[in-house]
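Residue numbers (our numbering), protein chains in the order written: chain H, 1 to 145; chain S, 146 to 236.
One structure is given below, encoded as structure tokens.
In structure tokens:
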């Protein structure tokens with residue numbers, strides 16, 4: 001069986017700098033990522049955490065690579081199942097008045113349950129991120145669907 | 146060779162009816178789809194084509210399935226790469 005790898009590409013009418021801030025600053029992520037926040041100093045080797053509004057850690061990992069506003073690579077794991085580690089890469093590229101964002105979620109361990117957990121979530125989060133940056137208001141990513 | 150398939154999912158703050166309009170009305174499509182107008186009477190078996198501003202059909206095909214405003218399936222033949230493909234849009 002081939003290893004699963006999720007790749008999402010979207011073009012957003014924004015600058016790489018604004019998009020970088022939308023991914024890394026809690027006050028922005030809260031507005032489109034279902035009130036969740038990404039918390040870190042975003043330096044290579046630092047810890048990063050994905051928090052819910054009660055500051056419970058939903059996802060944790062390390063910053064593997066951080067080149068603002070171009071490339072951010074994170075390890076990604078449920079704090080209750082740290083062995084099921086995977087890797088997320090955000091690649092940002094300016095294209096005229098847009099930024100092309102490619103999110104790759106891969107390096108899943110054999111038998112990982114994370115693929116199933118995130119494959120429905122990324123289209124919601126990235127649709128909401130695009131809508132937030134272009135219109136100022138994110139989507140309800142926890143909608144029933 | 147394995148049949149390749151591309152799947153894209155996006156959430157849009159709109160209604161299925163408005164999205165359907167954006168996909169099937171030439172006035173809408175020319176504003177976001179490389180200035181092409183989608184021309185068809187949107188019935189099963191009907192011809193479908195995307196016409197550029199000079200009036201040239203750059204993509205053409207046939208409506209396979211249509212269930213407004215939920216599902217649209219059509220074949221897709223690009224004038225520059227004439228291999229026939231099938232496109233499914235589900236709302």
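Beta carbons are placed, not taken as given, at the ideal position from N, Cα and C, and that holds for glycine.
Here the structure is a predicted model, which is why all the values come from computation and not from measurement.
For a cut-off of 8 Å, the C-beta gap from residue 103/H to residue 88/H is around 7 Å, short enough to register as a contact. Nearest CB-CB separation between residue 157/S and chain H: below the 9 Å threshold.
A distance of 9 Å or more separates the beta carbons of residue 235/S and residue 139/H. Annotation for residue 218/S: the continuous beta strand (DSSP E) segment containing it runs 216-223. The beta carbon of residue 193/S lies closer than 6 Å to those of 185, 206, 208, 219 in the same chain, with the five residues before and after it left out. The secondary-structure analysis by DSSP pairs residue 90/H across a beta bridge with 72/H, 103/H.
Residues of chain H whose Cβ lies closer than 7 Å to the Cβ of residue 154/S are, in chain order, 123.
In the structure shown, residue 43/H adopts coil according to DSSP, grouped into three states.
DSSP, reduced to helix, strand and coil, places residue 66/H within a strand of the structure shown. Residue pairing by DSSP places residue 49/H opposite 39/H, 60/H in a beta bridge.
If you compare the alpha carbons of 162/S, 149/S, 183/S, 215/S with that of residue 172/S, the shortest gap goes to 183/S. Looking at 69/H, 81/H, 34/H, the one whose alpha-carbon comes closest to that of residue 61/H is 81/H. According to the DSSP secondary-structure assignment, residue 6/H is paired through a beta bridge with 105/H. Taking 8 Å as the upper bound for CB-CB distance, residue 175/S and residue 181/S are in contact here, some 6 Å apart. Counting only residues of its own chain and dropping the five nearest sequence neighbours on each side, residue 231/S has a CB closer than 8 Å to the CB of 209, 218, 219, 220, 221. Within its own chain, the residues whose Cβ lies closer than 7 Å to the Cβ of residue 21/H, once the five positions on either side in sequence are excluded, are 28, listed in chain order. At a cut-off of 9 Å between beta-carbon atoms, residue 23/H makes no contact with chain S.
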